[in-house]
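Quick note on our numbering: the sequence shown kicks off at 9 and runs consecutively.
Where is the CB? At the ideal position from N, CA and C, for every residue including glycine.
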Amino acid sequence: MRLHPLSAALRGLSRGLSVGTALFFLGTAVGAIDPPGGVLAGPLLGLVGFALGVGWELLYYRRFDYELTADTLDIASGVLSRRDREIPLRRVQNVDISRGLLQRTLDVAAVEIETAGGGDTEASLRYVSYEEAKRLQRDVGRRKRGHTGDAGATGDRTGQIESTGEAGTGETATSAVASGAAETGETMRPAAGEDDERAAAEGARPTTDERSELFALGTRNLLVLGLVAPDLRALLPVLFFAAPVVGLSIPDLLLDSGVLAVGPRGAALAAVSWAGSAAVTAARYYDFRLTRVGDELRYERGLLSRYDGSIPLEKIQQLDFRENVLMRRAGYAGLAVETAGYAPGGGPAGGSEAAIPLAGRREVRRLARSIEGFAAADLERASFVRPPERARRRYAVRYLLALALAAGVLYAVNALLGGVGAGVGGALGGVGGVGDAGALGVRSLLGYWYAPLALVPVALVAAHLKWVNRGYSLGSAHVLTRNGFWRRTTSVVPYCRVQTVIESRTLFQRWRRLATVAIDTAGSSSLVRRGARAVDADSEEAATLRETVRKRLRTTLAVHRHSATPGRAGDG
9 MRLHPLSAAL RGLSRGLSVG TALFFLGTAV GAIDPPGGVL AGPLLGLVGF ALGVGWELLY
69 YRRFDYELTA DTLDIASGVL SRRDREIPLR RVQNVDISRG LLQRTLDVAA VEIETAGGGD
129 TEASLRYVSY EEAKRLQRDV GRRKRGHTGD AGATGDRTGQ IESTGEAGTG ETATSAVASG
189 AAETGETMRP AAGEDDERAA AEGARPTTDE RSELFALGTR NLLVLGLVAP DLRALLPVLF
249 FAAPVVGLSI PDLLLDSGVL AVGPRGAALA AVSWAGSAAV TAARYYDFRL TRVGDELRYE
309 RGLLSRYDGS IPLEKIQQLD FRENVLMRRA GYAGLAVETA GYAPGGGPAG GSEAAIPLAG
369 RREVRRLARS IEGFAAADLE RASFVRPPER ARRRYAVRYL LALALAAGVL YAVNALLGGV
429 GAGVGGALGG VGGVGDAGAL GVRSLLGYWY APLALVPVAL VAAHLKWVNR GYSLGSAHVL
489 TRNGFWRRTT SVVPYCRVQT VIESRTLFQR WRRLATVAID TAGSSSLVRR GARAVDADSE
549 EAATLRETVR KRLRTTLAVH RHSATPGRAG DG
């Protein structure tokens, strides 16, 4: 099958503009050397680049084919060199559908397919019709379930343990959806009755395509999400447009006033910026819905750009409970899942991995248990072991040294400007058109070089809060870690999903007899500080934690293999 005919037009326009723009500026620069004959060099090269880009994408479209077979997705592509790929459906982790505003208008979509262990997207279909995209997402999931059923649930699970390390017991790899009442602004519905829940806990896997809505983000919670968790990545663009709206000049605010106090226009700028960032978050998670189809979770979200994705339950490696300061004060939390395809923050638009963007803590925990089959005691009665108090002293010393360094730099700059005279100050005043008044404001502010030292009490409080919000807990079936104050993340990893347990110590940690234990899964990597990490644990406790997790991993796998071996279930 081929891509949608509009794919050639959309990709060709994008490629042509990028190549044409680059050649236009190149031609303009070359033409400036010989103005009489080089005036037309830029436009001509731009047109040539645009034509080349469009032609390349047209050839790419004509030479791109894909076919969904019973157990593979076959893709053939390439213009100058041919590339044939076969993607086994049993290795597919996520099937994501994304549509921008233009794509929604044209009724086309981009399909991205992630596989286990892939750092990049394994397959990208840009673009197919939206109906075809939904068909691919649906059929890939259905044929995966059919393939697993034909192979036998027991044999397939055992093969995964031995070949890929994606081990999973029946209790954690599949689960039923727990029933519960909904809070205001969200919907929680049971996926099955108590009998189905019991069957799922014993390893039964649903094979139907019946849809059951688990969660819907209501209008009230959408507004709360925007206010308590604004997208700070959009802050600079919002500031760029918001400053002229309120008639504020930031250099005038900081320099000409000579003080750090923010007036009414500064407060208005902060309010407009916060509202703009909140609007970006609200648009990203608009009409968020999480449903269960067979043994997959599917989500939909987005106002302008719409994203649809699937999350196989058996491929979930880790759950992350996320709470920033405002969310904790208001009693809310968010839930993100990590699969072998991508980890939290690695999905499309940085947010597709969110199982719940925002809900009450109780509802988040209820859905977490239904997704991964968590033992209630591991979540409700988790007792976190904090780092030793010498770790808190380490944080305090680190922050105090940072304040001392800042004060020292300001003192050195102040002494330099005062020692070389007004000439340097005048030159500084001419930078950016700030003027003599601005330069005077800078020198007056540098006179308070010792101001960072006033933050010493704040540094001590920050060290304590950092220490309080770190720790780990060993549950009956999961290991939990907690890190962060401003944005606290509690990671929950089933023992059967652990890939490696790494104990590391920096030079300063060795000095204070501390260590960090990283618990990696198939979707995380301690090399980039991602995943569950018990930070600054006592060195002896860290060694004990490492060995305990390893032993419980081996025990879990041994129990699973024993129960999966035919004829041994009834052995005494």
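query: Could you check where the alpha helix (DSSP H) with Pro51 kicks off and where it finishes?
result: 49-70
Span of the alpha helix (DSSP H), counted from its first residue to its last, around Gly24: Its alpha helix (DSSP H) spans residues 13-39.
- prompt: Should Met9 be labelled buried (16 or more other beta-carbon atoms within 10 Å of its own) or exposed?
  reply: Label assigned to Met9: exposed.
- request: Kindly list the residues whose CB is nearer than 6 Å to the CB of Ala28, restricted to its own chain and excluding five residues on each side of it in sequence; keep chain order.
  value: For the record, residue 28 in the displayed sequence is Gly; it is not Ala. Closer than 6 Å at Cβ, skipping near neighbours: Gly54, Gly57, Phe58.
message: For the region 471-485 against the region 541-558, do three or more pairs of beta-carbon atoms, one drawn from each stretch, fall closer than 8 Å, so that the two count as touching?
response: yes
task: Starting from the C-beta of Val421, find all residues in its chain whose C-beta is less than 7 Å away, skip the five residues before and the five after it, and write them out in chain order.
output: Leu454
- prompt: By the 10 Å Cβ neighbour count, where 16 or more other Cβ atoms means buried, how is Pro238 classified, buried or exposed?
  reply: buried
field: Local conformation of Gly440 per DSSP, three classes
entry: For Gly440, the pLDDT reaches just 46, beneath the cut-off of 50, and the residue's location in the model is therefore unreliable, although a value from the coordinates is still provided. Helix, per DSSP.
task: With DSSP as the reference, label Tyr458 as helix, strand or coil.
output: Coil at Tyr458, not helix or strand.
- prompt: Measuring CA to CA, which of Ala399, Tyr503, Ile41 is closest to Asp544?
  reply: Asp544 has its Cα closest to that of Ala399, out of Ala399, Tyr503, Ile41.
task: List the endpoints of the continuous alpha helix (DSSP H) containing Val301.
output: Per DSSP, Val301 belongs to no alpha helix (DSSP H); it is in the beta strand (DSSP E), 297-301.
message: Val119 and Ala141 - do their beta-carbons sit closer together than 8 Å?
response: yes
task: Figure out for me which residue from Leu18, Leu133, Arg99, Tyr138 has the closest Cα to the Cα of Val116.
output: Tyr138
task: Assign Thr180 to buried or exposed, taking buried as 16 or more other Cβ atoms, counted over all protein chains shown, within 10 Å of its Cβ.
output: Note that Thr180 scores 35 on pLDDT, short of 50, meaning its location in the model is unreliable and no value can be drawn from it.
task: Taking only the alpha-carbon atoms, compute the straight-line gap between Gly61 and Ala470 and give it to the nearest angstrom.
output: 53 Å
message: Going by beta-carbon coordinates alone, are Thr529 and Phe329 separated by less than 8 Å?
response: no
Where the beta strand (DSSP E) through Thr497 begins and ends: Thr497 -> beta strand (DSSP E) spans 495-502.
message: Going by beta-carbon coordinates alone, are Gln517 and Ala526 separated by less than 8 Å?
response: no
task: Measure the CB-CB distance between Arg373 and Leu387 and report whether it falls below 8 Å.
output: yes
query: Where do the ends of the alpha helix (DSSP H) carrying Gly234 lie?
result: Its alpha helix (DSSP H) spans residues 227-236.
query: For the candidate residues Gln507, Ala459, Leu243, whose alpha-carbon lies nearest to that of Ala278?
result: Leu243
Val333 - containing beta strand (DSSP E), residue span: First-last for Val333: 333-338, but that is the alpha helix (DSSP H), not the beta strand (DSSP E).
task: Could you please give me the residues that DSSP links to Leu522 through a beta bridge?
output: Asp546
message: For a quick check, are the C-beta atoms of Val501 and His486 less than 8 Å apart?
response: yes
message: With the cut-off set at 8 Å, would you say Gly339 and Pro365 are in Cβ contact?
response: no
task: For the alpha helix (DSSP H) containing Thr123, list its first residue and its last residue.
output: Segment 116-123 is the beta strand (DSSP E) holding Thr123; no alpha helix (DSSP H) there.
Bridge partners - Leu327, DSSP secondary structure assignment: Val345, Val500
- prompt: Leaving out five residues before and five after Ile319 in sequence, what residues of the same chain have Cβ atoms less than 7 Å from its Cβ?
  reply: Asn102, Glu304, Leu305, Val345, Thr347
field: Length of the line joining the Cα atoms of Arg377 and Arg490
entry: 18 Å
query: Does DSSP put Leu507 in a helix, in a strand, or in coil?
result: Looking at the sequence shown, residue 507 is not Leu but Gln. Of the three classes helix, strand and coil, the one that applies to Gln507 here is coil, per DSSP.
field: Continuous beta strand (DSSP E) stretch holding Ala84: start and end
entry: Annotation for Ala84: the continuous beta strand (DSSP E) segment containing it runs 80-85.
- request: Measure from the alpha carbon of Leu488 to the alpha carbon of each residue in Ile510, Ala462, Gly539, then state which is nearest.
  value: Gly539
field: Alpha-carbon spacing of Gly317 relative to Gly50, whole angstroms
entry: 43 Å
message: Below 8 Å on the Cβ atoms is my contact criterion, and I expect Ala30 with Leu81 to pass it. Report the Cβ-Cβ distance as a whole number of Å.
response: About 34 Å separates the two Cβ atoms, so there is no contact after all.
- prompt: For Asn422, which of helix, strand or coil comes out of DSSP?
  reply: helix
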